[in-house]
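S.K.: Residue numbers for the sequence shown, in full-length UniProt numbering: 1 to 509. Mind having a look at this structure? Questions to follow.
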Amino acid sequence: MSTSKGAAGDDRQEQIQLDCDKATASWDRTISALRSDGQDVERWTQLYEQASALFAACHKVIYPPNIIGESGALKSQKRTLACEFAIAAHLWSEQYFVNNDNREESLAKIARVMAAGLSIIDDGNTTTILPSQDKFGDRGRTAYDLGFGGVNVGIPGTWVFEGTLGQGNLGHAGLWAKYDTNGRKTEAVVVKETYLSESDWNGEWFWQGNPVDRMPREVYIHQKLSSCPSACNIVTFRGHSIHESHRMYRIYMEYCRHGDLEQVIRLHASLNQVKAVDGSPLPQEVTHIPELALFGIFEQLLAGASFIKGGRRGPPASAWETILHGDIKPENISLGERDGNTYRFLPQPKIGDFGIAKPVTDAKKLVGNGTEAYMAPEQRKYQDPEHNKKRTVPTAAVDIFAIGKTMLSLMELTNRDETKAYGFDVGKAVVPMSADINFYNLALRQWVQQCLMASPISRPYVNTLWDNITRNTEAAAHGSSLAPRRWRDLPPNQQLMYKGSDRYEKWAL
1 MSTSKGAAGD DRQEQIQLDC DKATASWDRT ISALRSDGQD VERWTQLYEQ ASALFAACHK
61 VIYPPNIIGE SGALKSQKRT LACEFAIAAH LWSEQYFVNN DNREESLAKI ARVMAAGLSI
121 IDDGNTTTIL PSQDKFGDRG RTAYDLGFGG VNVGIPGTWV FEGTLGQGNL GHAGLWAKYD
181 TNGRKTEAVV VKETYLSESD WNGEWFWQGN PVDRMPREVY IHQKLSSCPS ACNIVTFRGH
241 SIHESHRMYR IYMEYCRHGD LEQVIRLHAS LNQVKAVDGS PLPQEVTHIP ELALFGIFEQ
301 LLAGASFIKG GRRGPPASAW ETILHGDIKP ENISLGERDG NTYRFLPQPK IGDFGIAKPV
361 TDAKKLVGNG TEAYMAPEQR KYQDPEHNKK RTVPTAAVDI FAIGKTMLSL MELTNRDETK
421 AYGFDVGKAV VPMSADINFY NLALRQWVQQ CLMASPISRP YVNTLWDNIT RNTEAAAHGS
481 SLAPRRWRDL PPNQQLMYKG SDRYEKWAL
């Protein structure tokens with residue numbers, strides 16, 4: 001009896017695979033025909049991915065629409081997919097949940113249904129599958145409708161839109177999770193979408209390369225930096241796609257589950273509102289970011305800046321054209337996984353968002369662009385014409401200034417802007433430090449102050465400053481049994497607060 005059932009099962013599996021092979025061949029012919037006819041195949045490719053996800057979930061085979069090239073057929077086919085999932089889930093609830101012996105198998109199948117981006121609503125009698133609405137922002141709906149599109153960028157697999165991480169008038173960042181055939185989440189990436197005006201989309205200044213193979217300047221720079229060997233302090237670039245009909249491009253990048261430095265500032269600043277049992281404020285050593293963490297962050301930001309300037313850690317690589325980031329700030333510094341080596345308690349800082357980055361030959365275009373609180377004097381536009389006359393062309397020193405201002409914000413737990421105090425005097429710092437942070441190491445404060453000098457020629461070179469900090473953190477404390485800073489753990493009375501658990505934590509692997 002068991003042998004007979006096993007044989008029948010094998011025949012069934014063989015037939016399912018034959019049906020799948022036929023459907024795959026049909027999709028290939030349809031997409032090839034569309035491509036040969038000069039039509040846009042992007043949405044059809046994404047629809048094929050959805051059909052493949054359905055097959056992985058419940059072995060239901062979907063063939064391409066018969067009406068080639070009509071958008072209505074695509075919409076109809078998407079509705080068909082949703083109905084097929086709903087029917088499959090309803091059958092599973094009837095066939096499998098009655099028998100507890102098959103409960104694990106049933107749950108696994110439903111998990112694969114959810115892997116297609118649909119959520120299950122069960123009222124006890126029937127099971128309905130509908131798109132989850134709470135995951136969408138305004139731009140999130142467009143991201144979801146477009147699908148992941150991973151096949152086109154070399155990131156295969158079944159990917160699900162899990163929600164909007166951030167959005168604005170010109171862009172959207174969404175979290176996508178990858179599932180294996182058993183419905184388990186195995187990977188997560190961020191997909192950043194940037195929408196352009198017609199003038200920017202058609203402007204030569206926005207693109208890199210010839211009209212046939214062109215790519216957005218941001219894509220070119222991010223990909224170039226991420227591909228540098230050992231560029232661990234740059235957010236990893238995974239791929240990109242261009243969507244002409246939306247005047248939009250996508251960048252696929254690593255998901256840094258511990259948030260960013262702006263969140264670190266907010267979390268520590270919130271401790272200032274907490275009182276001790278006797279009603280007194282908490283001590284600064286408790287509320288402020290630990291000094292040891294600041295050394296580690298400073299060192300790794302400079303390592304990232306060294307790659308941006310020269311393509312590697314140390315002297316610039318031959319034939320490397322210096323890049324200016326132009327918008328380094330806490331919000332644009334993500335926190336990846338701990339590297340398990342130096343500063344073991346610290347999620348690795350990674351510089352990201354190269355939206356306004358420029359090669360040094362286009363440095364003038366940085367003027368007036370960026371975030372005011374983190375702009376060097378030579379990067380600002382002034383109302384006073386005399387100030388504009390004194391302003392020099394931006395160099396890599398603008399990123400040193402921004403790193404110094406980032407460090408100051410971490411030390412003071414603020415994002416204050418000192419616009420009125422800016423000048424161009426050699427040897428003068430334009431952002432004075434608050435006396436409230438004098439408890440931090442003197443050398444650390446002095447290095448930060450050097451980055452904030454008004455004149456770019458007064459600021460330290462990135463590699464010189466990195467060398468100074470690493471020598472300090474690698475040296476044993478004089479007259480102490482403590483290990484060098486970079487090998488220490490945080491003292492028991494100190495903590496570094498960062499995003500370690502939120503609604504996306506379960507997707508970060």
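A virtual CB, placed ideally from N, CA and C, is assigned to each residue, including glycine. None of these values were measured; they are calculated from a predicted model.
1. For a quick check, are the C-beta atoms of V462 and K350 less than 7 Å apart?
2. Run through DSSP, which three-state label would T287 get?
3. Round the Cβ separation of E285 and N493 to the nearest angstrom and send it over; I've been treating them as touching at under 8 Å.
4. Just verifying my parser: in three-state terms, what is the DSSP assignment at H240?
5. Would the stretch 176-193 and the stretch 240-260 be scored as touching if the rule is three or more Cβ pairs under 8 Å?
6. Is it true that the CB of T322 sits closer than 7 Å to the CB of A396?
7. Name the two residues that bound the continuous alpha helix (DSSP H) containing V398.
8. Please state whether DSSP places T126 in a helix, a strand or coil.
9. I'd like to check one pair, G296 with Y498: are the Cβ atoms closer than 7 Å?
10. Would DSSP call W320 helix, strand or coil?
11. Can you tell which of L225, W205, S226 has its C-alpha closest to the C-alpha of P216?
12. For I356 versus D384, is the C-beta spacing smaller than 7 Å?
13. Run the CB neighbour count on D213, radius 10 Å, all protein chains shown included, and call it buried at 16 or more, exposed below.
14. Looking at F401: is its Cβ nearer than 7 Å to the Cβ of A363?
15. Of the choices N472, A429, A443, R445, whose alpha-carbon is the least far from that of L452?
16. Which first and last residues belong to the alpha helix (DSSP H) in which Q446 is found?
17. Going by C-alpha to C-alpha distance, which of R184, P460, N341 sits closest to D489?
18. For L410, count neighbouring C-beta atoms within 10 Å of its own C-beta (all shown protein chains included) and say buried if the count is 16 or more, exposed if not.
19. On a Cα-Cα basis, can you pick out the residue from L146, E291, E193 that is closest to N49?
20. List in chain order: all unbroken alpha helix (DSSP H) runs of 4+ residues lying wholly within the stretch 140-177.
21. Are K178 and G157 closer than 7 Å when you measure CB to CB?
22. Measure the alpha-carbon distance for S52 versus S241 and round it to whole angstroms.
23. Counting only the same chain and skipping the five closest in sequence on each side, list residues whose C-beta sits under 7 Å from that of E474.
24. Run through DSSP, which three-state label would K499 get?
25. Please classify V189: does DSSP put it in a helix, a strand, or coil?
26. If A303 sits next to R312, beta carbons under 8 Å apart, how far is it from one beta carbon to the other, in whole angstroms?
27. Where do the N-terminal and C-terminal ends of the beta strand (DSSP E) with P349 fall, by residue?
28. So the alpha helix (DSSP H) L335 belongs to, where does it begin and stop?
29. Per the DSSP calculation, M433 is bridged to which residue(s)?
30. Would you give the residue range spanned by the beta strand (DSSP E) that E254 belongs to?
31. Less than 7 Å between C-beta atoms, sequence neighbours within five positions excluded: which residues of the same chain meet that for H222?
32. Among residues of its own chain, excluding the 5 on either side of R344, which ones have a beta-carbon nearer than 8 Å to its beta-carbon?
33. According to DSSP, is D260 helix, strand or coil?
34. Note the first and the last residue of the continuous alpha helix (DSSP H) segment covering K428.
M.R.: Considering the structure as presented:
1. Start at 1 with the first residue of the sequence shown, and residue 462 comes out as number 462. Start at 1 with the first residue of the sequence shown, and residue 350 comes out as number 350. Contact flag unset, no.
2. As a position in the sequence shown, residue 287 is number 287, starting the count at 1. It is helical.
3. In the sequence shown, the residue the question calls residue 285 occupies position 285. In the sequence shown, the residue the question calls residue 493 occupies position 493. So it is a contact: roughly 6 Å between Cβ atoms.
4. Your numbering for residue 240 matches position 240 in the sequence shown. Three-state result, H240: strand.
5. yes
6. As a working mapping, residue 396 is identified with position 396 in the sequence shown. As a working mapping, residue 322 is identified with position 322 in the sequence shown. Yes. Within cutoff.
7. Along the sequence shown, read from residue 1 onward, the residue named residue 398 stands at position 398. That run of the alpha helix (DSSP H) goes 397-412.
8. By 1-based counting over the sequence shown, the position of residue 126 is 126. Caution applies to T126, whose pLDDT of 36 falls short of 50 and renders its modelled position unreliable; the model cannot decide the point.
9. As a first step, residue 498 is located in the sequence shown; it is residue number 498 there, counting from the start. As a first step, residue 296 is located in the sequence shown; it is residue number 296 there, counting from the start. No; because the gap between Cβ atoms is not below 7 Å, this pair is not in contact.
10. For the purposes of this step, residue 320 is taken as residue 320 along the sequence shown, with counting starting at 1. Note: W320 maps to coil in three-state DSSP.
11. On the sequence shown, position 216 is the one that residue 216 refers to. If we check each option's Cα against that of P216, W205 comes out closest.
12. If you number the sequence shown from 1, residue 356 lands on position 356. If you number the sequence shown from 1, residue 384 lands on position 384. The answer is no: Cβ separation not under 7 Å.
13. Looking up residue 213 in the sequence shown gives position 213. Exposed, since its Cβ has fewer than 16 Cβ neighbours within 10 Å.
14. Working through the sequence shown from its first residue, we reach residue 401 at position 401. Working through the sequence shown from its first residue, we reach residue 363 at position 363. No.
15. If you number the sequence shown from 1, residue 452 lands on position 452. Nearest C-alpha to L452: A429.
16. Translated into the one-based positions of the sequence shown, residue 446 becomes position 446. Here the alpha helix (DSSP H) through Q446 covers 442-451.
17. Residue 489 sits at position 489 when you count from the first residue of the sequence shown. Comparing Cα positions, the closest option is N341.
18. Walking along the sequence shown from the start, residue 410 turns up at place 410. Buried, by the Cβ-count rule.
19. To locate residue 49, count along the sequence shown from 1; it is residue 49. It is worth fixing the name first, because residue 49 is Glu in this sequence and not Asn. Of the listed residues, the one whose Cα sits closest to E49 is L146.
20. 150-153
21. One-based indexing of the sequence shown puts residue 178 at position 178. One-based indexing of the sequence shown puts residue 157 at position 157. In this structure, G157 lies closer than 7 Å to K178 by Cβ.
22. Taking the first residue of the sequence shown as position 1, residue 52 is located at position 52. Taking the first residue of the sequence shown as position 1, residue 241 is located at position 241. Each residue's Cα considered, the two are about 21 Å apart.
23. In the sequence shown, the residue the question calls residue 474 occupies position 474. Same-chain partners within the cutoff: P484, R486.
24. Along the sequence shown, read from residue 1 onward, the residue named residue 499 stands at position 499. Coil, per DSSP.
25. Locating residue 189 in the sequence shown gives position 189, where the first residue counts as 1. In the structure shown, V189 sits in a strand (DSSP, three-state: E or B).
26. The residue you call residue 303 lines up with position 303 of the sequence shown. The residue you call residue 312 lines up with position 312 of the sequence shown. Contact doesn't hold; Cβ gap of about 10 Å is too wide.
27. Residue numbering aside, residue 349 sits at position 349 when the sequence shown is read from its first letter. Counting along the chain, the beta strand (DSSP E) containing P349 begins and ends at 349-351.
28. Locating residue 335 in the sequence shown gives position 335, where the first residue counts as 1. Note, L335: premise wrong, no alpha helix (DSSP H); beta strand (DSSP E) at 333-335.
29. Position 433 of the sequence shown, counted from the start, is the residue given in the question as residue 433. Bridge partners of M433: none, in fact.
30. Within the sequence shown, residue 254 is the residue found at index 254, counting from 1. Unbroken beta strand (DSSP E) run through E254: 248-254.
31. Within the sequence shown, the letter at position 222 stands for residue 222. Correct list, in chain order: F237, I251, F354.
32. Counted from its first residue, the sequence shown places residue 344 at position 344. If we look at R344 and ignore the five residues flanking it on each side, its Cβ neighbours are R338, D489.
33. Within the sequence shown, the letter at position 260 stands for residue 260. Of the three classes helix, strand and coil, the one that applies to D260 here is strand, per DSSP.
34. Within the sequence shown, the letter at position 428 stands for residue 428. Run containing K428: none; DSSP gives neither H nor E here.
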